[in-house]
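I have placed the structure first, in the form of C-alpha cells, so that the comments after it can refer back to it.
In C-alpha cells form, the structure reads like this:
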C-alpha cells in the first residue's frame, strides 16, 4: 500500500464519525421556550402513606419477601418521622426458614412468622436552598405507543432550586423470625452436640447433648440389620430489638414548567441517602426442645423430651446499613428504596440486602382550612 492510499484510508477513517453525526442530526432538535409554573422545594406534602405490594430481602438469617406499609411525616423544616411494617405473604416461598422448618425440622419448636417493625425520626441539622439545574424530557401526546418507545427523547436543561437537608437519624427496630440453627452452628464451627441439656446435672447419657443423628422412623432397619439414620435438623426462633443512629443527605426538587409545543415538565423528586449504626441491647434465641427417638424403631419417646441451651451460639450486637429512598411529591405516586448492610443476628449470618417498591403512595398537605367571610 503506497503512501497516497494510506493517507486516503486514514482520512476516511477519521472523517466517518463526523459524516455519520452530520447525517444523524435531528430536525426536531431546536431551542424551546418555557414558562415556570412553580419552583418551591419547601412546599411539599407533609404526610406520605405508602403501600408496598412487594419487597424482597436477602437476609442470611432468613430469606423473605412480602408486603409492607409505611408512613412518613415532615414537620416544617425541623424534622421528619417515619414508621414502617413488613410481613410475609405466606409461608411457602415468601418465608424461607419457616417453610424449611415446617418440612424438615426434627425439633418441637414452632416456627415463627417473619415480622419487621421500624419507627424513627430525622432531625434537620441543616436545611437550606440553593440554585441548581434539572433535565426534563420533552414529550408530546403524538409520541404515544411505539413512536415514543422507538425514539431517543430530547431533554432540556432548566434552572431550578434544590432543597438540601443534612439530617441526624435516630430510631428503633424490632424483628423476629424462624431460622435454621443447624446452619448457624456450622458457620461457627459447632455441631448439635455442643448444645447441652439444661438439666444436664440430673440426666444420664445419651441425653446430655443434642444428637446429630436419629433413627429414621419410616425405615428403622436395613435387610442387613443396620439401622437407618437421618440428620437431626435443628430450627429455632430469634427476635431482636435494636436502636439505630446515623446520618442522611436529602435532595428535594419541586418544579413544574410549561414548554412551548411540548407537554408540561415536572421534577418533584425527594431523594434520601443514609447510613446507620445498629446496636441491639436485646436479642433472644429460643432454646431447642427435642424429643428423643427409640434407637431400635425410631418411635418418639414421650418421657424423653428435653430442652437444650443455645448459649454456645455467638451473636453480634452491632451492625450497620446504608440505603437510598426516593418518592415523588404528588397526591398519588410511587416510591422505591434499597438497603444493604449487616443486621445484628448470629455471628456470620447478619448480611442482608433489601429492595422495596411502594405503589400507591398517597400524599397530602394536611391543610383543609379555607377562609370564610361574613355577608
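Residue numbers (our numbering): 28 to 402. We put the CB at the ideal spot given by N, CA and C, even for glycine. Nothing here was measured: the structure is a model prediction, and the numbers come from that model.
(1) When you compare only the Cα positions, how much space is there between residue 91 and residue 229?
(2) DSSP three-state call for residue 126: helix, strand or coil?
(3) Using DSSP with H/G/I as helix, E/B as strand and the rest coil, what is residue 214?
(4) Would you say the region 88–106 touches the region 371–383, given that touching needs at least three Cβ pairs under 8 Å?
(5) Suppose contacts are defined by Cβ-Cβ distances below 9 Å. Is residue 259 in contact with residue 134 by that definition?
(6) Going by DSSP in three states, residue 219 sits in which element: helix, strand or coil?
(7) Which of the three DSSP states, helix, strand or coil, is assigned to residue 170?
(8) Check whether the region 296–311 touches the region 259–278, taking contact to mean three or more Cβ pairs, one atom from each stretch, closer than 8 Å.
(9) Whose C-beta lies closer than 6 Å to the C-beta of residue 221 among residues of the same chain, with five residues either side of it excluded?
(10) Give me, in chain order, the residues of the same chain whose beta-carbon lies closer than 6 Å to that of residue 300; leave out the 5 immediate sequence neighbours on both sides.
(11) Taking DSSP's pairing of strands, which residues face residue 161 in a bridge?
(12) Could you tell me which of 293, 328 and 331 sits nearest to residue 160, measuring between CA atoms?
(13) Specify, as a first and last residue, the run of the beta strand (DSSP E) that residue 111 falls within.
(14) Rounding to the nearest angstrom, what Cα-Cα distance links residue 109 and residue 312 in this structure?
(15) Helix, strand or coil for residue 208 per DSSP?
(16) Alpha carbon to alpha carbon, what distance is there between residue 73 and residue 102?
(17) Kindly list the residues whose CB is nearer than 6 Å to the CB of residue 401, restricted to its own chain and excluding five residues on each side of it in sequence; keep chain order.
(18) Which word fits residue 84, buried or exposed, when buried means at least 16 other C-beta atoms lie within 10 angstroms of its C-beta?
(19) Quick check: residue 403 and residue 184, are their CB atoms within less than 9 Å of each other?
(20) Given that a residue counts as buried once 16 or more other Cβ atoms are within 10 Å of its Cβ, and exposed if not, what is residue 75?
(21) Identify which residue in 365, 193, 164 and 233 has its Cα closest to the Cα of residue 318.
(22) Do residue 98 and residue 149 come within 9 Å of each other at the CB atom, strictly closer than that value?
(23) On the premise that residue 100 lies in contact with residue 153, defined as a C-beta separation below 8 Å, what is that separation, rounded to the nearest angstrom?
(24) If I measure Cβ to Cβ from residue 298 and keep anything under 6 Å in the same chain, skipping five residues before and after, which residues do I get?
(25) Does residue 49 come out as helix, strand or coil in the three-state DSSP assignment?
(26) Tell me where the beta strand (DSSP E) around residue 366 begins and ends.
(27) With 16 other CB atoms within 10 Å as the buried threshold, where does residue 349 fall?
(28) For residue 356, which three-state DSSP category applies?
(29) Our contact map puts residue 239 next to residue 219 with C-beta atoms below 8 Å; I'd like the distance itself, whole angstroms only.
(30) Can you give me the C-alpha to C-alpha distance between residue 224 and residue 333, rounded to a whole angstrom?
(31) Helix, strand or coil, according to DSSP, for residue 131 in the structure here?
(32) Is the distance from the Cβ of residue 56 to the Cβ of residue 146 below 9 Å?
(33) Report the option in 284, 372 and 383 whose CA atom is closest to the CA atom of residue 61.
(34) Could you compute how far the alpha carbon of residue 321 sits from the alpha carbon of residue 245?
(35) Quick one: what's got a C-beta closer than 6 Å to residue 200's C-beta in the same chain, skipping five residues either side?
In short, the structure shows the following:
(1) Using only the alpha carbons, I get a separation of about 41 Å.
(2) Reduced to three states, the DSSP call for residue 126 is helix.
(3) DSSP, read as helix, strand or coil, puts residue 214 in helix.
(4) Under the Cβ criterion (8 Å, minimum of three pairs), the region 88–106 counts as touching the region 371–383.
(5) Yes, the Cβ-Cβ distance between residue 259 and residue 134 is below 9 Å.
(6) Three-state DSSP puts residue 219 in a helix.
(7) Correct three-state label for residue 170: helix.
(8) Taking 8 Å as the limit for Cβ pairs, the verdict is that the region 259–278 does touch the region 296–311.
(9) For residue 221, same chain residues with a beta-carbon under 6 Å away, outside a window of 5 residues either side, are 339 in chain order.
(10) Excluding sequence positions up to five before and after residue 300, its CB lies within less than 6 Å of the CB of 276 and 351, all in the same chain and listed in chain order.
(11) Answer is 185.
(12) The residue with the shortest Cα to Cα distance from residue 160 is 293.
(13) Residues 106–115.
(14) Distance between the alpha carbons of residue 109 and residue 312: 28 Å.
(15) Of the three classes helix, strand and coil, the one that applies to residue 208 here is helix, per DSSP.
(16) The C-alpha of residue 102 lies about 7 Å from the C-alpha of residue 73.
(17) Here the set comprises nothing.
(18) Burial call: buried.
(19) The structure shown has nothing for residue 403, since the chain only spans 28 to 402.
(20) So residue 75 counts as buried.
(21) Answer by Cα proximity: 233.
(22) Cβ distance not < 9 Å, so residue 149 and residue 98 don't count as in contact.
(23) In this structure, residue 153 and residue 100 do not form a Cβ contact; the two beta carbons are roughly 20 Å apart against a cut-off of 8 Å.
(24) Sequence-distant Cβ neighbours of residue 298 in its own chain, meaning closer than 6 Å and more than five residues away, are 278 and 353.
(25) Since pLDDT at residue 49 reaches only 47, below the 50 mark, its modelled position is unreliable, and the value read off the structure follows with that caveat. Helix at residue 49.
(26) Start and end: 359–369.
(27) Its Cβ having fewer than 16 others within 10 Å, residue 349 is exposed.
(28) In the three-state DSSP reduction, residue 356 falls in the coil class, being neither helix nor strand.
(29) With a Cβ gap of about 4 Å, residue 239 and residue 219 count as contacting.
(30) Distance between the alpha carbons of residue 224 and residue 333 is about 7 Å.
(31) DSSP places residue 131 in helix when its eight states are reduced to three.
(32) It is not a contact, given that the beta carbons lie outside the stated cut-off.
(33) Selected option, being the one with the closest Cα: 284.
(34) Their Cα atoms are separated by approximately 12 Å.
(35) Around residue 200: 145 and 269.
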